[in-house]
Each structure stands twice: as C-alpha cells, then as structure tokens.
Amino acid sequence: MTIYTRTGDAGETGLFGGGRVPKDHARVQAYGDVDELNSVLGVARATQPVHFFDELLETVQRDLFALGGQLATPDPDKVRKALEKAELSESRVAAFERVMDEADRELPELRAFVLPAGTPKAAALHLGRTVCRRAERSVVTLSHEAEVPELFLVYLNRLSDLLFTLARLANHREGAGDVTW
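The number in the working numbering is simply the position in the sequence shown, starting from 1, with 165 added.
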C-alpha cells in the first residue's frame, strides 16, 4: 500500500466517515491545526529534559488525536465504533487545573508579561501554547457552522494555560527563570 492516493491532487480531501470538502474548509483547518499542535508537543517531548511531564504530554497527544478524529467526522454516528476510544472527559480539564495549581505553588508570582524564551524545553512548550491558541480559534470558527462539543473548546483553552505554566516551570526548574518583557 502506498502513502499517496492522488485523491487530494485537486484540492479536496476526504472526511472520516465519508464525504469530501476543499482542503481549506473550516473543518479541515480545525483538525489540521490540532494535528500541528500534536506534532509541536512531540517536539516538546523530545526536548531536554525528556522526562519533564512526559506522561502528561503523551496523554495530551492521545487526546488531541481523538479530538482531531472527531473534528474530521461530520457524522459521528457513521463511525461510532471507531470513535469509541476517542472520547474526551471533563476529568482531563480538571487534571490540567491540578497540575497548574501545583506548579503555581512552586513558581514565583507572575508580575510581568513572559516572552516565549528560555530553555529549549520552555521554548517548545511556548510554541505549543501559541499553536494551541490557533487551534482553539479554528475550532471556534468551525463551531459557527457545525456542531462542536463544548468540551473541545474548554479543553483547548485550558491546555494553552497548561502549556504556558509548564513552560514557566521548565525554565524555573532549569534555573533560567522567566524571560520578561
């Protein structure tokens, strides 16, 4: 089996569960931005120190794969069985909040805007935060024309907060501190 199909050569793509749309359709933009975020988090995970919140970031990557799959599906009933393992829960958002609360107890009080800089790990997490914000905007755009679970918006919003906090924590634990504006 080859990786190329040639079915997208005219600027259209197939959706999970059937149907075709232009590659610049809001649905494709939304799941594409989520996919890009997932890749950026892969880079963040590969950046030293590798062990830094690796299990949490892998879980987020799995969540994003599930979220993207659901965004790529205009009719979830057609692929219900395939999406069974793609369920997100509000407990994940609560877990993000717990991690942020614990980190806030370790971090110095935030008194200025923080530049996306510092250690390679922090910089990669800051990049993840900005890509997450773009993904969130794309999902909001899609929600104006199609049904999008509210949890997806909450998840992405809180995830960007988590990535900001983890970036600060990465700098702090490496002795770099925040790079402020």
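Glycine included, C-beta positions come from ideal geometry on N, C-alpha and C.
In this text the structure is predicted, and so the values were computed from the model without any measurement.
- Keeping to the same chain, check which residues put their C-beta closer than 6 Å to that of T284; ignore five residues upstream and five downstream. A335, N336, E339, A341
- Query: Under a three-way DSSP split, which group does S183 fall into?
  - Reply: The sequence given here places Gly at residue 183; Ser does not occur at that position. In the structure shown, G183 sits in coil (DSSP, three-state: anything other than H, G, I, E or B).
- Query: In whole angstroms, what is the alpha-carbon distance linking D266 and D189?
  - Reply: 38 Å
- From E201, F181, A195, residue whose alpha carbon lies closest to that of L292: E201
- Message: For a quick check, are the C-beta atoms of L316 and V264 less than 8 Å apart?
- Response: no
- Item | DSSP three-state assignment for E312, whether helix, strand or coil | coil
- Query: Counting along the chain, where does the alpha helix (DSSP H) carrying A231 start and finish?
  - Reply: 219–236
- Query: Which residue's Cα is closest to the Cα of F218: A268, E274, E301, R299?
  - Reply: A268
- Message: Rounding to the nearest angstrom, what Cα-Cα distance links A288 and R294 in this structure?
- Response: 10 Å
- Are three or more beta carbon pairs between the segment 298–309 and the segment 192–207 nearer than 8 Å? yes
- Item | Integer Cβ distance of L261 from W346, believed to fall under 8 Å | Here the sequence assigns Phe to residue 261, which means Leu is not the residue at that position. Not confirmed; about 25 Å, so no contact.
- DSSP bridge partner residues for V279 (one or two, in chain order): T345
- Message: Is the beta carbon of L280 closer than 8 Å to that of R333?
- Response: no
- To which residues of the same chain is L321 closer than 7 Å at the C-beta, ignoring the five residues directly before and after it? C297, A300, E301, V304
- Continuous alpha helix (DSSP H) stretch holding L202: start and end: 191–211
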